[in-house]
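So the sequence shown is numbered by this note's numbering: it starts at 1 and just counts up by one.
C-beta atoms are modelled at their ideal positions from N, C-alpha and C, and glycine is treated no differently.
Owing to the predicted nature of the structure, the values given are computational and were not obtained by experimental measurement.
For reference, the structure discussed in these notes is given below.
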Amino acid sequence: MVGADIGGTSTRVAVADTSGRVLARADGGPGSPVGVGLDRSAAEIRAVVDRALAIVAADGAAAEVRAYVLGMAGGSQAKDNPAFAAAITPDRIAASPWLVSDLAVAFCSATSAEEGYVLIGGTGAVAGRVVGADVVAWSDGMGWLLGDIGSGFWLGREAVRRTLLALQSGAALSPLNRAVVAAAGSADYTTLVSRCYAERPTALGRFAPLVSAHVADSPEAPAIVAEAASALAATLLALAVEPGLPIVLGGSLLAGPTPIAAGVRERLAELSNPVLPAGPGALGACWLGLRSIGVASREVHDRLASRR
1 MVGADIGGTS TRVAVADTSG RVLARADGGP GSPVGVGLDR SAAEIRAVVD
51 RALAIVAADG AAAEVRAYVL GMAGGSQAKD NPAFAAAITP DRIAASPWLV
101 SDLAVAFCSA TSAEEGYVLI GGTGAVAGRV VGADVVAWSD GMGWLLGDIG
151 SGFWLGREAV RRTLLALQSG AALSPLNRAV VAAAGSADYT TLVSRCYAER
201 PTALGRFAPL VSAHVADSPE APAIVAEAAS ALAATLLALA VEPGLPIVLG
251 GSLLAGPTPI AAGVRERLAE LSNPVLPAGP GALGACWLGL RSIGVASREV
301 HDRLASRR
């Protein structure tokens, strides 16, 4: 199986055998067609896939690639595009590329279940109900201008906005405010505003980690975290979550032990659903490939996810 997770900041590829053993991994730069266009997307994907397959070949494995699955955000312009499919497929791969949602591969990275929910908190914020390889319902994911409440962009914007309010009023700057000023390179109100507007809007996400870093020493940071956690939990719960189905938390804000992940888990604690952290999306793509050829045992998924 060749599985890929294609995003706006990175391209990650994994190769696994039918027992769930991971044979190779390779990473590259941005690969989402939305961010870099179809031609650059195809070139980056092909380059990273070639590197992963070269690792497998160097180890002496020359087996047939039986499935080629790519999880991709905003992949609609690439789907069912014969030229794109040809450009991303090395000669060694006879299987046709199968493009699925990045939400589906995030869900499958954490569980062998065929149905459940996934909540992603990264630069953006979105939740979806996954059935098989399809996202049959979703919530938020409307982008920085119209939604993505509680996302990395939203957190970064809040950190900067509250710093600007402190500068406007002449109040003493909190440690979070001072960290924002240091990261932006200016404590001057007008200059800080100008520098933020000079960048692409989603670049405000770079200030997001400062919020978690200053939860213990800045009064506004816990308030921002609490608001983000409530918003993210509400995004998921808007899907009318059915009891018992797994919920997978993914993205930089939720997959690890962050204050926001803890807040979301606290707000979901009354549900009967198991809440799981997402793993590498490329492995979730490999799992979809395995299922497509009839391999669906939990033992294989556990091995693929390195739990056994």
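Here the C-alpha atom of D217 lies approximately 7 Å from the C-alpha atom of P175. G281 places its beta carbon less than 8 Å from that of V105.
Excluding five sequence positions before and after T235, the CB atoms of its chain that fall closer than 8 Å to its own CB belong to L119, A125, V126, A127, S139, D140, I149, G150, given in chain order. Here V34 carries a helix assignment [DSSP, helix/strand/coil]. In the three-state scheme derived from DSSP, where H, G and I count as helix and E and B as strand, P277 is classed as strand. Y117 sits buried, since 16 or more C-beta atoms from the chains shown fall within 10 Å of its C-beta.
If you check the CB distance, M1 and G289 come in under 8 Å.
Nearest Cα to Q77 within the set V295, S101, R92, S96: S101.
In the displayed model, V241 falls within coil according to three-state DSSP, outside both helix and strand.
In this structure, L249 lies away from A233, with their beta-carbon atoms at least 8 Å apart. Around R66, the same chain offers M1, T18, A95, G289, I293 as residues with beta carbons nearer than 8 Å, after the five sequence neighbours per side are excluded. Here the stretch 152-161 makes contact with the stretch 194-207; the two share three or more CB pairs at distances below 8 Å. Taking the Cα of A110 as reference, the smallest distance to any Cα among A255, R265, L271, A269 is reached at A255. For V215, there is no enclosing beta strand (DSSP E), as DSSP marks it with neither H nor E. In the DSSP assignment, E266 falls within the unbroken alpha helix (DSSP H) covering 259-268. Rounded to whole angstroms, the separation of the alpha carbons of L38 and S32 is 8 Å. When secondary structure is reduced to three states using DSSP, G152 falls in the helix class.
When DSSP states are grouped into helix, strand and coil, V295 belongs to the coil group. In this structure, V48 places its C-beta atom within 8 Å of the C-beta atom of V13.
Under DSSP, I247 shares a beta bridge with Y117, V275. Judged by DSSP in its simplified three-state form, S306 adopts coil rather than helix or strand. Given a length threshold of 4 residues, each whole run of the alpha helix (DSSP H) inside the stretch 157-236 is given here in chain order: 175-184, 189-198, 208-213. Rounded to whole angstroms, I224 and G74 show a C-alpha spacing of 28 Å. Of the residues V241, A113, L145, the one whose Cα lies closest to the Cα of G132 is A113. Under the three-state reduction of DSSP output, I55 falls in the helix class. Assignment of A85 by DSSP, reduced to helix, strand and coil, places it in the helix class. Counting along the chain, A104 sits inside the alpha helix (DSSP H) bounded by residues 102-108.
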